[in-house]
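Before any comments, here is the structure.
In our numbering, the protein residues as written are 91 to 1005.
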């Protein structure tokens, strides 16, 4: 028979999956001999059984009754006993902490008879009636479904009637009357009476806590925190202790270190003459925990000793809830405390210095997600008002600038020294100059992997996408928010890419010391030096420097233990140099299409419009020296490290003007009787000829190289000649050539033959051997499934997981994220977007298959990933386990990938609940 109930003396923290975090830690504190009120835990298995059937599992009632009898015998009182009642709390406690998301019911066992007994036994009628009104209020809302606001309203009316600021100033008679008002409210709203049977109260309270696992707020929290929906919650039944018995009683919350900064020493709040929920709810002003030393020195000394015991035992920051009942300290809860990213790095480094944890454990205690938060500038939260709009937090950080509505204006204002925010309905490659010039990008359409998001992340630009409640009027150069607010061009906006919010005006920024350390090796900044005369600023600088140092130590340890190399996706010498400063070990993806934009676009148009081979060759010949110069700059920045250059991938029509714009311009000219621009007419004819219903699956990638004469030749020659130039300059260029979107080995063989021919020709002409490894991107399911034959002729695979996700799922990412991803997340189809975190069961399986079959055909095959998944912390762990050789991501995500690659190399065991 399944066992559903465990006494606190039976468990321990190793049973957190079964007893939940709260129950396991209560048992652990009991095992340590700390003063824990006795009780027992109903397991998560019991919860899951109840949620499956909607009925209490067989045998549960008998087990609860037996443990309740034991609790009563230990206390010498019975639950709800008339003259001196035993009361219990019924609290949720899932495997992972979900603060405030599920239910708690206190003072279970009180009724109309036992409240008088409690008053007599405690010597305080007010305390007894206060406890009873808490039970009726909690039970009525949590168990019986009465709107909590109705209870709150009744309490507020009574306080107003009595002219008192809080419930502490209400007398026993007031509270007795309030209990009757609450019971009448329950009767009116539910048609039933508040139950007087203590056993019935306990049973219904337990089942209500089980049911609260599936409350809307709990489900929403789990989605946000990526907590599985099938875990269920445990329920802890514990003898009540009371902090609301007078001045010698109280409740508090304590941390063994500051969870915001990581500073060592006790940190927390205390509230005299109060129960624990009063501290958490904030209905009365607390005092700093240090004040307890003056209010109750004995209890404070005991608490400090217990805090030291727990931190030494758990070897981590501990979060503690406690109650003092007439001078007696009781420990009600402990857990490994949640903390900010800053505190996580500071605490891990400090605990390692103190010898409590090893360097590897310190690395396991921090995360790439936390590092990303520390790298980007942030707004001063105290200076923000209501946001103008909200969207998807596509690229983190904080930026301030004037709103502009096209790329040219962004470039113009940037050149004049004005910071700008580029606002578009959506972005395309034409907007790249404006994105480079802008501090931030805001779009009304698109998701986290839309063009705007991907490019912004690659450049380290702040970006909020999919702000659907704004209407962007590019012609009128304004946007209108959902409430009708009009933002004209030039209006200053503050964009928070971490929260997905946009504010009017300039919100003050807080600099990132970690980013300065990564970029320059120092945390100094001129602005801070000016303010360093103030003691508070100096202390803040010292703390920031300590955190930056802790980040550096974590990265150094990660580099020492990781197997995965970390490369960067970079298209310019500047990005390449920055990536190298951030620790990149090469470039995993250099996209050549970005070299075809700007002023070079006219040359691309000439190539597309060419009527003869000679015209096309002249256009390509004009592009060649420009591309050679670009490649030479990137190879210089990455001298001695591999640089993987992808041949042209996008459809050629993306380099032509917009079809509708051209047609409108020509029609307008004709309507005015003007001579039609021949060039525009030729362009429109080309755009119509190249128009595709689904360009993602059309003429792009390897297909371009096979049908556009000279395109592959020009690009490969530019690469080879750049290698020769660098060798002659004394460099050590390590260019690699990548063929995109291969679906069949024959495609690759045909292109590879041309690549080899050009490399041989340049080698012979220059007298310098040019040997560039040639490989392919695996971004189609067919390529993954035929990886063996492809690997016979390809020297490396790079998984383009963005397109591989699209083609595996049948998604167009720019369309589906805004259309239905939120519904899929709500309904549990996804636990996370497959464009953000790798889909292990589908896309991941294709990756594993391709790696295995590719290496079976060529044991020296190098494998990596160059999609944005390469910088996602969870995905990095998958790529480590799949046996890839490297991950590649945008430069600003390189430190994150380094850290997670190190963490992936460690055996981390059970996940903790601190972050």
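Just so it is clear, CB atoms sit at the ideal spot from N, CA and C, and this is done for glycine as well.
As the structure is a computational prediction, the values presented were derived from the model and not from experiment.
Q. What residue does the alpha helix (DSSP H) around residue 418 start on, and which one ends it?
A. For residue 418, there is no enclosing alpha helix (DSSP H); the residue is part of the beta strand (DSSP E) that begins and ends at 418 to 426.
Q) What are the boundary residues of the beta strand (DSSP E) that residue 1023 is part of? A) No information on residue 1023 is available, as it lies outside the stretch 91 to 1005 that the chain covers here.
Q) Within the chosen definition, does the segment 484 to 502 reach the segment 463 to 476 through at least 3 CB pairs nearer than 8 Å? A) Between the segment 484 to 502 and the segment 463 to 476 there are three or more C-beta pairs closer than 8 Å, enough to call the two in contact.
Q: Report all residues from its chain with a CB closer than 7 Å to the CB of residue 227; omit the five preceding and five following residues, and keep chain order.
A: Taken in chain order, the residues that qualify are 241 and 272.
(Q) Let me confirm a value: residue 307 is counted as buried when at least 16 other C-beta atoms fall within 10 Å, else exposed. Which label applies? (A) Flag for residue 307 reads exposed.
(Q) On the criterion of 16 or more Cβ atoms from any shown chain inside 10 Å, does residue 902 qualify as buried, or is it exposed? (A) Exposed, since its Cβ has fewer than 16 Cβ neighbours within 10 Å.
**Q.** Proximity winner among 946, 945 and 886, relative to residue 955 (alpha-carbon distances)
**A.** Taking the Cα of residue 955 as reference, the smallest distance to any Cα among 946, 945 and 886 is reached at 886.
Q: Could I get the ranges of all uninterrupted beta strand (DSSP E) runs contained in the segment 797 to 848, with 3 residues as the minimum, in chain order?
A: Runs of the beta strand (DSSP E) lying entirely within the segment 797 to 848 and spanning at least 3 residues, in chain order: 824 to 829.
**Q.** Distance between residue 987 and residue 958 (C-alpha atoms, nearest Å)
**A.** Rounded to the nearest angstrom, the two C-alpha atoms are 11 Å apart.
Q. Which ranges would you report for the alpha helix (DSSP H) in the segment 893 to 966 if only whole runs of at least 4 residues count?
A. Counting only runs of at least 4 residues, the segment 893 to 966 fully encloses the following alpha helix (DSSP H) elements, listed from N- to C-terminal order: 903 to 906, 912 to 916 and 935 to 947.
Q: Please state whether DSSP places residue 317 in a helix, a strand or coil.
A: Coil, per DSSP.
Q) When DSSP builds the beta bridges, which residues end up paired with residue 1006? A) For residue 1006 there is no data in the structure shown, the boundaries of the chain being 91 and 1005.
Q: Using 7 Å as the cut-off, classify the Cβ of residue 284 as near or not near the heavy atoms of the ligand SAM, replying yes or no.
A: For the ligand SAM, the structure offers nothing, since it holds no ligand at all.
**Q.** DSSP three-state assignment for residue 233, whether helix, strand or coil
**A.** Here DSSP, grouped into helix, strand and coil, assigns residue 233 to coil.
Q) Where do the ends of the alpha helix (DSSP H) carrying residue 115 lie? A) Its alpha helix (DSSP H) spans residues 106 to 121.
Q. DSSP state of residue 780, grouped into three classes?
A. When secondary structure is reduced to three states using DSSP, residue 780 falls in the helix class.
(Q) DSSP three-state label for residue 499, please. (A) If DSSP states are grouped into helix, strand and coil, residue 499 belongs with the helices.
Q: Return helix, strand or coil for residue 588, following the three-state DSSP convention.
A: It is coil, neither helix nor strand.
Q. Alpha helix (DSSP H) containing residue 563: first to last residue?
A. If you look at residue 563, you'll find it isn't in any alpha helix (DSSP H); it sits in the beta strand (DSSP E) that goes 561 to 563.
Q) Helix or strand or just coil, what does DSSP make of residue 466? A) DSSP places residue 466 in coil when its eight states are reduced to three.
Q. Roughly how many whole angstroms lie between the Cα atoms of residue 785 and residue 515?
A. Their backbone Cα atoms lie some 20 Å apart in a straight line.
Q. Are the beta-carbon atoms of residue 852 and residue 864 separated by less than 8 Å?
A. Contact flag unset, no.
Q: Please report how far the alpha carbon of residue 106 lies from the alpha carbon of residue 133, in whole angstroms.
A: Between residue 106 and residue 133, the C-alpha separation is close to 10 Å.
Q | Simplified DSSP state of residue 328, which is helix, strand or coil | A | Judged by DSSP in its simplified three-state form, residue 328 adopts strand.
Q | Alpha carbon of residue 160 to alpha carbon of residue 426, nearest angstrom | A | Straight-line spacing of the CA atoms in residue 160 and residue 426 works out to 30 Å.
Q: Would you check if the segment 252 to 269 and the segment 295 to 309 touch, i.e. whether three or more CB-CB distances between them fall below 8 Å?
A: The segment 295 to 309 is not in contact with the segment 252 to 269.
Q.
Is there a Cβ of chain C sitting closer than 8 Å to that of residue 898, yes or no?
A. The chain labelled as chain C is not found in the depicted structure, where only one protein chain is given.
(Q) I want to know whether the segment 743 to 762 touches the segment 833 to 849 - three or more CB-CB distances under 8 Å. (A) With a cut-off of 8 Å, the segment 833 to 849 and the segment 743 to 762 do not count as touching, because too few Cβ pairs lie within range.
Q) For residue 630, which residues from the same chain have a beta carbon less than 7 Å from its beta carbon, with the 5 sequence-adjacent residues on both sides left out? A) Confidence in residue 630 is poor, its pLDDT being 49 and thus under 50, which makes the residue's placement unreliable; the coordinate value appears in the next sentence. Contacts found: none.
Q: Whole angstroms is fine: what's the gap from residue 821's alpha carbon to residue 671's?
A: Approximately 19 Å between the Cα atoms of the pair.
Q: On a CA-only basis, which of 512, 168, 588 and 359 is nearest residue 378? Give me that one, please.
A: Nearest option by C-alpha distance: 359.
Q | Touching by the beta-carbon criterion (3+ pairs, under 8 Å), the segment 158 to 172 and the segment 127 to 146 | A | The segment 158 to 172 vs the segment 127 to 146: in contact.
Q. Sorted by chain position, which residues of the same chain lie with C-beta nearer than 8 Å to residue 908's C-beta, five sequence neighbours on each side aside?
A. Answer for residue 908: 535, 536, 537, 556 and 558, listed in chain order.
Q | residue 640 beta carbon less than 8 Å from that of residue 453 | A | Against a cut-off of 8 Å, the Cβ pair of residue 640 and residue 453 comes out as no contact.
**Q.** Local conformation of residue 483 per DSSP, three classes
**A.** Shown here, residue 483 sits in a strand according to DSSP, grouped into three states.
**Q.** With 16 other Cβ atoms within 10 Å as the buried cut-off, status of residue 395
**A.** Residue 395 should be labelled exposed.
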